[in-house]
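Below you'll find the structure, written out as structure tokens, and then a few comments.
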Amino acid sequence: MPSSFSALADQFLAAEFDASPVMASSLGLTAYDERLDDLSAAAIQAKEEADLEWLRRFRAVPDEGLSADERIDRDLVISILRGREILRPHRMWQRQPATYLNPGSQGVFSLFLHRIRPEAELAEAARARLEQVPANIEAGIANLVLSLVPPVYLERGIGQAGATARYARELVPNEVTDPRQRERLAAAGEAAAKAIERFAEFLTAARGKASGDYAVGDAIYSGLLKEKELLPYDARQLRERGREQYDLLAAEAKRIAKDISGSDDWVGLLAQLNRKHAADPEGMRREYEHWTMRAQAFLREKGLVTLPPGERCLVEPSPHFQRPVLAVASYNRPPAFSDSLTGHFFVPFPPDGTPEEEVQKRLEGNCSDGIPTTSVHEAYPGHHWHLIMAHFNPSKLRQTFSTSYFSEGWALYAERMMREQGFFEDPKHLLYQYEATIFRAARIVVDTSLHLREMTFDEAVAFMRSKANLTEPNAKAEVGRYCSWPTQASSYLTGMLEILDIRTRWLARKGRNDIPALREFHDRLTSSGALPTSLAERAISIPAA
23 MPSSFSALAD
33 QFLAAEFDAS
43 PVMASSLGLT
53 AYDERLDDLS
63 AAAIQAKEEA
73 DLEWLRRFRA
83 VPDEGLSADE
93 RIDRDLVISI
103 LRGREILRPH
113 RMWQRQPATY
123 LNPGSQGVFS
133 LFLHRIRPEA
143 ELAEAARARL
153 EQVPANIEAG
163 IANLVLSLVP
173 PVYLERGIGQ
183 AGATARYARE
193 LVPNEVTDPR
203 QRERLAAAGE
213 AAAKAIERFA
223 EFLTAARGKA
233 SGDYAVGDAI
243 YSGLLKEKEL
253 LPYDARQLRE
263 RGREQYDLLA
273 AEAKRIAKDI
283 SGSDDWVGLL
293 AQLNRKHAAD
303 PEGMRREYEH
313 WTMRAQAFLR
323 EKGLVTLPPG
333 ERCLVEPSPH
343 FQRPVLAVAS
353 YNRPPAFSDS
363 LTGHFFVPFP
373 PDGTPEEEVQ
383 KRLEGNCSDG
393 IPTTSVHEAY
403 PGHHWHLIMA
413 HFNPSKLRQT
423 FSTSYFSEGW
433 ALYAERMMRE
443 QGFFEDPKHL
453 LYQYEATIFR
463 AARIVVDTSL
473 HLREMTFDEA
483 VAFMRSKANL
493 TEPNAKAEVG
503 RYCSWPTQAS
513 SYLTGMLEIL
523 DIRTRWLARK
533 GRNDIPALRE
543 FHDRLTSSGA
553 LPTSLAERAI
563 SIPAA
């Protein structure tokens with residue numbers, strides 16, 4: 023018989039899935055495939071009030087009568103809901119155009135990415151979702167308050183709208199083979215594309231009128247760190263940690279650069295090495311695929327993790343609608359509530375129509391010597407392997423909710439651990455792994471400074487170019503992302519350092535530091551889900567069954 027907490031959790035998840043059918047569908051819950059999220063002001067405000075009531079109910083659940091895992095699950099839900107409450111005054115739904123573009127594009131894309139249902143059913147679900155896109159767009163036009171919309175959000179929205187309209191009109195119909203279904207999808211896609219183009223016109227006309235601030239400020243940023251991520255420091259303390267790590271890592275990069283070239287100018291050396299890259303995006307994808315397979319083979323040979331039977335990671339071009347706003351590699355997990363163990367590693371292709379000179383700049387940002395590190399981060403034993411292990415956790419709450427402070431922290435830890443174990447044999451590859459970690463330290467400095475209003479957008483771009491070895495287009499795309507997603511950019515190195523501390527304490531308790539003990543730590547930690555790191559440490563302290 024389910025416990026009272028289990029019943030409460032099921033009620034909460036049912037409400038979450040009903041309010042966010044695109045999320046539910048991405049988790050493999052096919053009953054939600056025909057619906058898009060209601061983005062009307064009334065629905066958003068009702069959801070905010072419901073969140074406050076759920077927070078009250080979960081906070082009222084006492085420790086007594088709960089298992090150790092249920093206490094962790096309760097605290098996870100409280101952290102998620104408290105994070106929403108902290109961010110609520112920023113009114114993202116009134117300032118972020120992407121709010122009204124993402125559900126339609128991602129909601130249709132995920133259907134065909136995972137193909138859980140027969141193609142005819144997928145086609146009907148996609149058509150139903152496309153037909154609801156115009157309502158989302160009208161909600162966006164009604165809800166956005168130009169005095170709140172930051173110009174950087176506006177420009178990202180215009181670029182995203184163009185790519186999303188093309189996706190709906192030209193690409194979605196080609197996902198199916200039946201001519202009649204393709205025709206119906208094309209009609210729905212055309213209506214959706216026209217609505218999205220109206221949105222782009224609305225946003226374009228708002229240039230010069232959009233005058234909002236992307237910065238969330240100290241209270242919100244520090245509140246998210248302490249009460250959502252359950253970390254012991256505020257925004258300024260985190261920034262100092264980022265600066266300290268930057269200096270330590272840069273000193274090591276100087277040493278490696280001197281070994282390679284005789285000069286400690288690691289930034290100058292990387293600028294030279296960046297020019298060694300694939301001739302075109304497809305060649306870049308093949309390089310990523312090669313190193314993904316090499317990383318998997320290394321893990322198997324060394325016995326550093328358990329590789330579940332049937333898992334696989336496909337290395338593919340990034341979705342068209344993501345290309346204008348995402349210039350880095352990304353990963354899409356298998357649906358949590360499905361049997362699939364296939365993940366998708368998306369390589370950052372440039373948007374259609376990108377001038378050849380900028381394509382080459384983007385390829386420099388994905389140079390041949392840097393690709394081994396990114397492949398480890400996104401695939402083995404980074405995001406893909408972690409999320410395959412988390413797939414088997416029995417908690418529905420942990421299958422649904424996660425934090426980037428664990429997931430991105432784990433992926434950067436994966437790079438560090440593979441470095442420790444000798445995967446990066448070529449000193450140039452090793453230098454890029456250090457550069458990747460330096461990049462994450464720079465992200466902490468920039469993300470905190472942007473949201474504390476102590477660094478402008480242009481200053482942040484200049485910082486990322488000079489301190490993080492980014493090309494101009496990639497630096498602009500990166501900083502735009504930080505403005506749009508407060509605290510996320512800080513999660514990588516912060517989470518990695520927390521995981522390293524957990525590993526030190528765990529291995530000390532075990533009294534061993536050999537490969538079997540390390541493998542057990544990796545398997546148990548990733549199997550706990552993607553919890554705030556303090557909750558993850560609690561999870562692996564529970565005796566194994």
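Numbering (the working numbering) for the sequence shown: 23 to 567. Glycine included, each C-beta is placed from N, C-alpha and C at the ideal position.
- I460 and L271 do touch by the CB rule: their CB atoms are close to 5 angstroms apart, below 8 angstroms.
- With a contact defined as Cβ atoms closer than 8 angstroms, I218 and I159 qualify at about 6 angstroms.
- Here the alpha carbon of I564 sits roughly 37 angstroms from the alpha carbon of E311.
- Per DSSP, reduced to three states, the secondary structure at E70 is helical.
- Distance from the Cα of V483 is smallest, within the candidate group L326, G375, A499, for A499.
- Your pair G517 and F428 checks out as a contact, with CB atoms roughly 6 angstroms apart and the cut at 8 angstroms.
- Looking at the DSSP output, V337 bridges to F367.
- Around the CB of S512, 16 or more other CB atoms lie within 10 Å, so the residue is classed as buried.
- Residues I393, P394, S397 of the same chain have their beta carbon placed closer than 7 angstroms to that of W313, with the five preceding and five following residues left out of the count.
- For the pair of segments examined, the region 161-168 was found to touch the region 52-71: the number of CB pairs separated by less than 8 angstroms reaches three.
- The DSSP-derived three-state label of Y402 is coil.
- The DSSP assignment places complete alpha helix (DSSP H) segments of no fewer than 4 residues inside the region 275-338 at 288-295, 303-324, in order along the chain.
- Within the same chain, Cβ atoms closer than 6 angstroms to the Cβ of R475 are found at A237, the five residues on either side in sequence being excluded.
- By a beta-carbon distance limit of 8 angstroms, T422 does not contact P554. Their separation comes to about 15 angstroms.
- Under the DSSP definition of a beta bridge, S352 partners with F368.
- In this structure, A552 lies away from L515, with their beta-carbon atoms at least 8 angstroms apart.
- Shown here for I108: same chain residues with a beta carbon closer than 7 angstroms to its own, the five before and five after excluded, namely I242, G245, L246, E249, K250 in chain order.
- Using a Cβ-Cβ distance cut-off of 8 angstroms, the region 221-234 and the region 431-438 are not in contact, since fewer than three pairs of beta carbons, one from each stretch, lie closer than that value.
- Of V155, V327, E141, I466, the smallest CA-CA separation from A490 is found for I466.
- DSSP places R384 in the uninterrupted alpha helix (DSSP H) bounded by 378-386.
- In the three-state reduction of the DSSP assignment, L133 falls in the helix class.
- Taking a 10 Å sphere around the C-beta of A257, we find 16 or more other C-beta atoms and assign the residue as buried.
- With contacts defined as CB atoms closer than 8 angstroms, P372 and R355 fail to qualify as a contacting pair.
- The shortest CA-to-CA distance from R110 to any of G239, L419, H399, R137 is the one to G239.
- For M45, the enclosing alpha helix (DSSP H) starts and ends at 43-48.
- In terms of Cβ geometry, F27 and L88 form a close pair [threshold 8 angstroms].
- Just measuring C-alpha positions, the residue of Q510, F485, P195 sitting nearest R204 is P195.
- The Cβ atoms of L522 and L252 do not sit closer than 8 angstroms to each other.
- Here L51 is near F359, since their CB atoms are less than 8 angstroms apart.
- Between H413 and L472 the beta-carbon gap is near 35 angstroms, outside 8 angstroms, which marks them as no contact.
- With respect to the C-alpha of H342, the residue from Q267, R531, N124 having the closest C-alpha is N124.
- For T555, the enclosing alpha helix (DSSP H) starts and ends at 555-563.
- Contact between the region 124-133 and the region 183-195 is present: three or more C-beta pairs spanning the two stretches fall below 8 angstroms.
- Here DSSP, grouped into helix, strand and coil, assigns C505 to helix.
- In this model, L35 and P449 are separated by some 48 angstroms (Cα to Cα).
- Between I100 and E70, the alpha-carbon positions lie close to 14 angstroms from each other.
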